[in-house]
Ligand SMILES: Cc1ncc(COP(=O)(O)O)c(C=O)c1O
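Numbering (the working numbering), first residue to last: 233 to 629.
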């Protein structure tokens with residue numbers, strides 16, 4: 233039977249990473265895959281994580297299964313980090329959370345839940361979006377549509393076209409929004425634009441699905457939740473997919489969560505029962521280590537302060553690099569205006585480079601950027617920024 237199986241295409245971004253690993257050029261630069269890197273090009277283990285892991289290793293007494301929905305203390309901590317402990321959604325017990333294997337796992341559980349309970353509803357994705365979004369939701373059997381997001385002329389948000397298109401969505405459609413640090417563009421709505429999106433969601437009776445994979449990577453933990461808190465109006469339902477891959481550096485531990493906000497407590501309980509049904513037939517119950525680590529850090533005042541400091545350090549480095557990159561670009565005599573890079577948030581920027589320029593950078597200079605021109609700003613450092621600017625000058629000149 234397996235003789236009939238066709239080879240599937242490799243994942244575009246992870247495939248590029250493999251090509252980078254095999255490239256013998258000692259001056260190669262990798263701006264493709266979405267992991268944070270420090271000034272030395274290393275993706276570090278945070279100190280707060282190491283400390284929490286030490287405590288967990290000493291205190292661990294069993295490897296027995298977790299409940300289907302994961303660790304209750306972790307789920308509570310996730311909700312409080314997003315909303316703030318005294319938010320109405322929490323006080324009214326109308327939010328339920330299930331622990332999931334990474335943000336990707338949360339998105340897939342959300343997809344299966346939506347396909348089971350609301351078959352045929354369309355899910356709207358920003359154009360562009362993280363390439364795994366269409367994979368995940370079409371695998372779950374959900375019809376997809378797109379709304380404009382990126383304005384090529386201004387390198388900013390195509391807000392009017394976005395709202396106009398979403399005005400055509402049907403009642404009950406699902407609207408996927410990036411909570412902050414939009415991947416791949418780095419462009420987020422302003423607080424006023426979030427308000428207008430919240431109004432549209434209410435008016436059109438859409439279900440917001442927030443992909444919240446970068447809390448703390450943009451402007452700060454609270455600042456980055458501005459859209460989420462704007463949408464969480466009294467009586468409003470929503471789904472939120474969290475990931476702690478980036479802000480805790482726990483990529484390979486697979487730590488995420490899906491939170492469902494219902495109109496009331498009994499509705500939330502019913503949703504939870506459906507989420508558990510989805511999980512049971514998929515991976516049964518989640519792995520413990522990463523979530524226990526996050527729970528330990530968030531539950532200990534000193535460790536939490538340490539984490540906030542380490543997160544601020546990552547955020548400040550990314551924002552510093554954005555400035556350095558823009559300064560170096562103009563210093564090396566490139567005419568084109570790249571100042572928009574400094575306005576974008578999080579790890580990614582749309583550089584405006586096209587596929588041909590991206591290919592040339594890779595073939596001639598071993599500089600790896602994904603085909604859309606998305607660059608991982610965290611891959612830039614004092615050590616490689618001059619070579620990068622030289623490459624960009626060569627391909628756009
Ligand atoms: C927008 C977005 N959502 C979700 C994820 C998934 O994160 P995780 O690695 O936790 O599955 C990523 C990771 O790159 C992402 O960029």
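For each residue, glycine too, the CB sits at the ideal point set by N, CA and C.
DSSP places residue 449 in the coil class of the three-state scheme, outside both helix and strand. Assignment of residue 362 by DSSP, reduced to helix, strand and coil, places it in the coil class. Every alpha helix (DSSP H) of 4 residues or more that sits fully in the stretch 456 to 495 is shown, in chain order, as 458 to 463.
Restricting attention to alpha helix (DSSP H) runs no shorter than 4 residues, the stretch 267 to 318 encloses them at 279 to 291, 304 to 315, ordered along the chain. In this structure, the C-beta of residue 477 approaches ligand 1 to less than 7 Å from one of its heavy atoms. Shortest gap from the CB of residue 373 to any heavy atom of ligand 1: 7 Å or more.
Not one heavy atom of ligand 1 sits closer than 7 Å to the Cβ of residue 523.
In this structure, the straight-line span from the alpha carbon of residue 406 to that of residue 555 is close to 36 Å. Residue 415 has its Cβ nearer than 7 Å to a heavy atom of ligand 1. Taking the Cα of residue 328 as reference, the smallest distance to any Cα among 491, 585, 487 is reached at 491.
For residue 545, the enclosing alpha helix (DSSP H) has its first and last residue at 533 to 563. Counting only the Cα atoms, residue 594 lies some 28 Å from residue 445.
Rounded to whole angstroms, residue 411 and residue 460 show a C-alpha spacing of 6 Å. Contact check for residue 395 and residue 453: beta-carbon distance about 28 Å, past the 8 Å limit, so the pair fails to qualify. Assignment of residue 606 by DSSP, reduced to helix, strand and coil, places it in the strand class.
Not one heavy atom of ligand 1 lies closer than 7 Å to the C-beta of residue 379.
Linking residue 413 to residue 428 through their CA atoms gives a straight-line distance of about 19 Å. For residue 404 against residue 437, the beta-carbon gap comes to about 6 Å, under 8 Å, which counts as contact. Residue 606 and residue 529 have their C-alpha atoms some 32 Å from each other.
Non-local beta-carbon contacts of residue 527 in its own chain, meaning distances under 8 Å to residues more than five positions away in sequence, involve 303, 305, 306, 309 in chain order. Contact annotation: the stretch 290 to 298 does not touch the stretch 535 to 543, with fewer than three C-beta pairs closer than 8 Å. Around the beta carbon of residue 423, a 10 Å sphere encloses fewer than 16 other beta carbons of the protein chains shown; the residue is thus reported as exposed.
Positions of the alpha helix (DSSP H) runs, each at least 4 residues long and wholly inside the stretch 348 to 435, are given as 364 to 371, 391 to 398 in order along the chain. Distance from the CA of residue 261 to the CA of residue 251, rounded to the nearest whole angstrom, comes to 12 Å. In the DSSP annotation of this structure, residue 263 is not part of any beta strand (DSSP E), being labelled neither H nor E. Between ligand 1 and residue 362, a heavy atom-to-CB distance of less than 7 Å is present. DSSP, reduced to helix, strand and coil, places residue 570 outside both helices and strands of the structure shown, so it counts as coil.
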